[in-house]
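Trainee: Under full-length UniProt numbering, the residue at position 39 of the sequence shown is numbered 39, and the numbers go up by one with no gaps.
The beta-carbon is built from N, C-alpha and C at its ideal position, and this holds for glycine as well.
Have a look at the structure that comes next, please.
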Amino acid sequence: MATHVAGIFDENLRNSVKSCKVLVVGAGGIGCELLKNLVLTGFEDIEVIDLDTIDVSNLNRQFLFQKQHVGRSKAEVSRESALRFNPKANIKAYHDSITT
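In structure tokens, the structure reads:
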């Protein structure tokens, strides 16, 4: 959990946030922002799913991605990038869709 957030939340809320399981569907513009905010807020058990790959046109609005990531899975790269905010987080990435 980010230090500035830890001082705001009481211990019960911090523990609740830490133990929550979250599924992020989509690692695009909103998904990147949401994933970053979840990790910085203290959520540590997160799964992210996205079937798309990173395109050059994504780079101006999906800040977890950089030029060297073009062609790679959005789910995998967003996981790698989010872990830089909190390496203790357990983030699983799935390059898949939610329908079968």
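Starting from the Cα of Asn8, find the closest Cα among Leu34, Leu40 and Glu33 and give me that residue.
Mentor: Reading off the sequence, residue 8 comes out as Ile, not Asn. For Ile8, the nearest C-alpha among the options comes from Leu40.
Trainee: Would you call Phe63 buried or exposed, if buried means 16 or more other Cβ atoms sit within 10 Å of its Cβ?
Mentor: It counts as exposed.
Trainee: Val22 and Phe43 look like a contact to me (Cβ under 8 Å); what is the Cβ gap, rounded to whole Å?
Mentor: About 5 Å; that satisfies the 8 Å criterion.
Trainee: Which of the three DSSP states, helix, strand or coil, is assigned to Lys21?
Mentor: In the structure shown, Lys21 sits in a strand (DSSP, three-state: E or B).
Trainee: Hey, out of Asn12, Ser97, Glu47 and Leu51, whose CA is closest to Leu83's CA?
Mentor: Ranking the options by Cα distance to Leu83, first place goes to Glu47.
Trainee: Quick one: Cα of Ile98 to Cα of Lys92, how far?
Mentor: Looking at the two C-alpha atoms, the distance is approximately 14 Å.
Trainee: Check Ala82 in the structure and name its three-state DSSP category.
Mentor: Of the three classes helix, strand and coil, the one that applies to Ala82 here is helix, per DSSP.
Trainee: If Asp50 sits next to Gly31, beta carbons under 8 Å apart, how far is it from one beta carbon to the other, in whole angstroms?
Mentor: Yes, they are in contact, since the Cβ atoms of Asp50 and Gly31 sit about 7 Å apart, within 8 Å.
Trainee: Thinking just about the alpha-carbon of each residue, which of Val56, Ala27, Asn60 and Asp45 is nearest to the one in Val17?
Mentor: If we check each option's Cα against that of Val17, Asp45 comes out closest.
Trainee: Pull up the distance between the alpha-carbon of residue 110 and that of Ser81, whole angstroms please.
Mentor: Absent from the structure is residue 110, since the part of the chain shown begins at 1 and ends at 100.
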